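Line by line, the protein sequences give chains A and B.
All residue numbers for the first sequence refer to the UniProt record's numbering, where the first residue is 1 and numbers rise by one.
All residue numbers for the second sequence refer to the UniProt record's numbering, where the first residue is 1 and numbers rise by one.
We put the beta carbon where it would ideally sit given N, CA and C, even for glycine.
Computed from a predicted structure; not experimentally measured.
Number of protein chains: 2
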Amino acid sequence: MSKQLPLVAMDACCSPLARDPLTADQAVELSKLFKAMSDPVRLRLLSLIASHAGGEACVCDLTDAFDLTGPTISHHLKVLRESGLITGERRGTWVYYRVHPEVLARLSAVLVPGGTEALA
Amino acid sequence: MSKQLPLVAMDACCSPLARDPLTADQAVELSKLFKAMSDPVRLRLLSLIASHAGGEACVCDLTDAFDLTGPTISHHLKVLRESGLITGERRGTWVYYRVHPEVLARLSAVLVPGGTEALA
Chain A
1 MSKQLPLVAM DACCSPLARD PLTADQAVEL SKLFKAMSDP VRLRLLSLIA
51 SHAGGEACVC DLTDAFDLTG PTISHHLKVL RESGLITGER RGTWVYYRVH
101 PEVLARLSAV LVPGGTEALA
Chain B
1 MSKQLPLVAM DACCSPLARD PLTADQAVEL SKLFKAMSDP VRLRLLSLIA
51 SHAGGEACVC DLTDAFDLTG PTISHHLKVL RESGLITGER RGTWVYYRVH
101 PEVLARLSAV LVPGGTEALA
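Listed below in structure tokens is the structure:
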């Protein structure tokens, strides 16, 4: 599973944007996560998974929300997985997806604080 | 100035990802902001501006950090401006840039909470 890599990278990353300038390496790591979230379908998938009962969802729970083919949805789920934003675990017929709340929390913390105080 | 549009759109946007699934329209609005942050140079510019003394910086403060031409930096600043993440104001020779802390704060809030509680 590639899920460890982004988490480790994110462990070292980052002070709030408004406190210290990002280093080039930190910016590269962060930009990958934002890029994964730069597509409306992927954002909706992320939100559907995160808000689903029990915090987990299988493809069977996700496809009805979209007028897209299965392969297209699978592609977007793969991008989210490879970015480290979600994990997937096969159980029986289905792969079940969960978000990595600690990655989202860390991204959230990078955007504030420091932000509002430093800029007020 | 195009700065009002994203702010208005963001006013109506969004519950935390883990609380309610995003609508298609909300996902489109949010994805534009994440797309603006999906480039390492733009993330570093955003961070340099946000962390600069007084929360504002002119191009003259930004170019030394990059091995890039002026036009390339201007292009990235334009993308950040058009996304609503920063504003630019001309005073004399220079355009001075500031981040919109309320846009960053709102983005941050979309990523958590609800996130950690709902998924714990």
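- Message: Assuming the contact rule is C-beta atoms closer than 8 Å, L38 of chain B and S38 of chain A should be a hit. Round their C-beta distance to whole Å, please.
- Response: Here residue 38 of chain B is taken as the residue at index 38 of the second sequence, counted from 1. Here residue 38 of chain A is taken as the residue at index 38 of the first sequence, counted from 1. The question names Leu, yet the displayed sequence has Ser at residue 38 of chain B. About 5 Å; that satisfies the 8 Å criterion.
- Query: With 7 Å set as the bound, which would you pick, yes or no: does the beta-carbon of K78 of chain B sit closer than that to a beta-carbon of chain A?
  - Reply: Here residue 78 of chain B is taken as the residue at index 78 of the second sequence, counted from 1. No, K78 of chain B does not count as interfacial toward chain A.
- Using the beta-carbon count (16 or more within 10 Å), is C60 of chain B buried or exposed? As a first step, residue 60 of chain B must be located in the second sequence, where it is residue number 60. C60 of chain B is exposed by the Cβ-count criterion.
- Message: Tell me the rounded alpha-carbon separation between T72 of chain A and A36 of chain A.
- Response: Here residue 72 of chain A corresponds to residue number 72 of the first sequence, with the count starting at 1. Here residue 36 of chain A corresponds to residue number 36 of the first sequence, with the count starting at 1. Their Cα atoms are separated by approximately 15 Å.
- How many Å lie between V41 of chain A and H75 of chain A at the Cα? To locate residue 41 of chain A, count along the first sequence from 1; it is residue 41. To locate residue 75 of chain A, count along the first sequence from 1; it is residue 75. Spanning the two alpha carbons is a distance of roughly 11 Å.
- Mind reading off the beta-carbon distance from S83 of chain B to L43 of chain A? Whole number of angstroms is fine, and I expect it under 8 Å. Translated into positions along the second sequence, residue 83 of chain B becomes position 83. Translated into positions along the first sequence, residue 43 of chain A becomes position 43. Contact flag wrong, Cβ pair sits at about 15 Å.
- Message: Out of A:Y96, A:Y97 and A:I86, which one is the CA nearest neighbour of V103 of chain A?
- Response: Translated into the one-based positions of the first sequence, residue 103 of chain A becomes position 103. Residue A:I86 is the option with its Cα nearest to V103 of chain A.
- Following the continuous beta strand (DSSP E) through R90 of chain A, name the residue where it begins and the one where it ends. As a working note, residue 90 of chain A is residue 90 in the first sequence. Unbroken beta strand (DSSP E) run through R90 of chain A: I86 to R91.
- Could you check what DSSP says for R98 of chain A in three-state terms: helix, strand or coil? In the first sequence, counting from the first residue as 1, residue 98 of chain A sits at position 98. R98 of chain A: strand per DSSP, three-state reduction.
- Quick one: residues in its chain with C-beta nearer than 7 Å to the C-beta of T63 of chain B, no 5 flanking neighbours on either side, listed in chain order? As a working note, residue 63 of chain B is residue 63 in the second sequence. Once the five neighbours on either side are set aside, the close Cβ partners of T63 of chain B are G70 and I73.
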